[in-house]
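Residue numbers 18 to 415, in this note's numbering, belong to the letters of the sequence shown in order. For glycine and all other residues, C-beta sits at the position ideal for the given N, C-alpha and C. Since we're looking at a predicted model, the values are computed, not measured. Structure, as structure tokens:
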Amino acid sequence: MKQRILSVSKLTKYIKSIFDNDVILKNVIVEGEISNYKLHSSGHAYFSIKDNESRLNCVMFKNAVAAAPTVNDGDKVVLHGNISVYEKNGQYQLYVQKCEKKGLGDLYIEFEKLKSELESLGWFDPAQKKEIPKVPHKIGIVTSPTGAAIRDMLSVIKRRFPNVEIYLIPVSVQGKDAPLEIAGGINLLNVMDSVDVVITGRGGGSIEELWAFNERIVAESIHNSKIPVISAVGHETDFTISDFVADLRAPTPSAAGELAVPSMSDLIDKLSFFEKRLTKDLSSQLAIKKEQLGRLKENYFFSRPDMFYSGQVQTLDLLRTNIERAIAKILDEKNTMLEGYKSELKGMNPENVLKRGFAAVKNLQGGYISSLGQVSLGDDVEIVFKDGTAKSKILSKG
């Protein structure tokens, strides 16, 4: 018997019919942990449910979402629904009719535990954040060399600031080796000490795919980095431990490129603006100085400097005359005083006294006798006249 050849769509429909008619698959209850939960604008939710070994894609339509509790990645849930095949991609998935929240998932508990610990250590403190340089010359990027994230970052950076140098440290961004490689890349850039800012991150994914950026070793390398670090992990709604520790969080890898470098065109516009303003200010200052110079030229000092100097010379002559008069007056007063002293001294000269008819009496020892009590009867004395001396004896006292 010749085997029938089936088209892809017919085979897929056949497989779907097997799923749809299976008694067990029509009504299943599955327990697991929510992962990569996305609520579409249509109101439908798309996510996965997983355990330690397997993962199952799920879809929950708008009505079921409205009746379900709010869930997040990492939540443990019990889902009621049926297993069927989505024909467009041939993928089987759980169509959720009811969702019950069971508790926090293991990954979420681990995330919150590390987050609380690092927050208590002050690793998230805005005061500890290093400033991102406004115009970096060299940028280090720690990410996968083949992912969309590096393409997006390079495209944005080169478009905005083409002169910047980029150093790529290629690492795994998911899997068991990823945390050690990412931390090693950040540490290597610090040892090299040749870049101004570091960007680390990856594109979007499930919580498991982003988990490397929730590991303590990566958080420590960011915290200990001497170079400012920008974290760019996943989409805008994805938050990792690295985002909290980093000096700046970018919502996407493309946004990291925007935040890391200025726009060259914006810088040129600013330079042009400041150049025009500086030219205007200088022109204004020059006009003011010219006006001030014009007023100075009209000033009496500049218009008739000879008159200014002649007046100063006249003033100087007057001062000199006054000083000379003052000195002469002082000298006259001193001369008058000196003549008075000379006259007094002259009047006190003993020779002048003798010339006026007076005489001086001395004892034989040569001392002058000025009082009667200094002599006794019978004492010999010497009388000094203006032109000589004579001996005498005291015969009486009275």
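query                                                                                                                                                                               : result
My parser needs the alpha helix (DSSP H) runs of 4 or more residues fully inside the region 161-220; what are they?                                                                 : 165-177 and 195-209
Short of 6 Å in beta carbon distance, which residues of its chain neighbour Pro-268, apart from the five on each side in sequence? Order them along the chain.                      : Glu-253
With the cut-off set at 9 Å, would you say Glu-198 and Val-208 are in Cβ contact?                                                                                                   : no
When the Cα of Asp-92 is compared with those of Ser-301, Val-25 and Phe-64, which residue comes out closest?                                                                        : Phe-64
Using the C-alpha atoms, what's the distance from Leu-205 back to Cys-116?                                                                                                          : 46 Å
Kindly list the residues whose CB is nearer than 8 Å to the CB of Val-94, restricted to its own chain and excluding five residues on each side of it in sequence; keep chain order. : Glu-48, Gly-49, Glu-50, Ile-51, Ile-66, Val-88, Cys-116, Glu-117, Lys-118 and Lys-119
Go ahead and pull the three-state DSSP assignment for Ser-360.                                                                                                                      : helix
From Ser-34, Lys-307, Asp-404 and Ala-85, pick the residue whose C-alpha is nearest to that of Ile-107; which is it?                                                                : It should be noted that the sequence gives Gly, not Ile, for residue 107. Residue Ser-34 is the option with its Cα nearest to Gly-107.
Near Leu-42, what residues of its chain come up, given a Cβ to Cβ distance below 7 Å and the 5 sequence neighbours on each side ignored?                                            : Phe-36, Asn-99 and Ile-100
Report all residues from its chain with a CB closer than 6 Å to the CB of Ala-62; omit the five preceding and five following residues, and keep chain order.                        : Leu-56, Met-77 and Val-82
With a cut-off of 8 Å, do at least 3 Cβ pairs link the region 289-303 to the region 157-176?                                                                                        : no
Do Ala-263 and Ile-234 count as a contact pair if the criterion is CB distance below 9 Å?                                                                                           : no
How is the beta strand (DSSP E) around Tyr-54 delimited, first residue to last?                                                                                                     : 45-56
Helix or strand or just coil, what does DSSP make of Phe-256?                                                                                                                       : coil
When the Cα of Pro-279 is compared with those of His-154, Gly-202 and His-97, which residue comes out closest?                                                                      : His-154
Is the CB-CB distance between His-240 and Leu-135 below 9 Å?                                                                                                                        : yes
Given Glu-232, which residues of its chain have a CB within under 7 Å of its CB, disregarding the five upstream and five downstream residues?                                       : Pro-196
Could you tell me the distance, in whole angstroms, from the CA atom of Ser-26 to the CA atom of Val-190?                                                                           : 36 Å
Please check the pair Arg-177 and Glu-275, which I expect to be a contact at CB under 8 Å, by giving their CB distance rounded to whole angstroms.                                  : 7 Å
Since Pro-270 contacts Ala-166 with CB under 8 Å, what's their CB separation in whole angstroms?                                                                                    : 4 Å
Using the C-alpha atoms, what's the distance from Lys-297 back to Ser-211?                                                                                                          : 40 Å
For the alpha helix (DSSP H) containing Ala-376, list its first residue and its last residue.                                                                                       : First-last for Ala-376: undefined, no H or E at that position.
Taking the DSSP output, what are the residues bridged to Ile-400?                                                                                                                   : Val-378 and Ala-407
Cα separation between Lys-193 and Leu-96?                                                                                                                                           : 29 Å
For the candidate residues Gly-157, Ala-376 and Trp-140, whose alpha-carbon lies nearest to that of Phe-261?                                                                        : Trp-140
For Arg-266, count neighbouring Cβ atoms within 10 angstroms of its own Cβ and tell me buried if that reaches 16, exposed if not.                                                   : buried
Counting C-beta neighbours from all protein chains within 10 Å, is the total for Val-102 16 or more, i.e. buried, or is it exposed?                                                 : buried
Go ahead and pull the three-state DSSP assignment for Asn-69.                                                                                                                       : coil
Taking only the alpha-carbon atoms, compute the straight-line gap between Leu-416 and Asn-53 and give it to the nearest angstrom.                                                   : Because the chain is modelled from 18 through 415, residue 416 falls outside the range shown and cannot be assessed.
At what residues does the alpha helix (DSSP H) containing Gly-274 begin and finish?                                                                                                 : 270-277
What residue range is occupied by the uninterrupted beta strand (DSSP E) comprising Tyr-103?                                                                                        : 92-103
Within the continuous beta strand (DSSP E) that includes Ala-249, where are the two ends?                                                                                           : 246-250
Please report the distance separating the alpha-carbon of Val-215 from that of Ala-85.                                                                                              : 42 Å
Quick one: using the 10 Å Cβ neighbour count with 16 as the cut-off for buried, is Arg-342 buried or exposed?                                                                       : exposed
If you check the beta carbons only, do Leu-138 and Val-45 fall under 9 Å apart?                                                                                                     : no
Between the alpha carbons of Asp-90 and Pro-162, how many angstroms are there, rounded?                                                                                             : 27 Å
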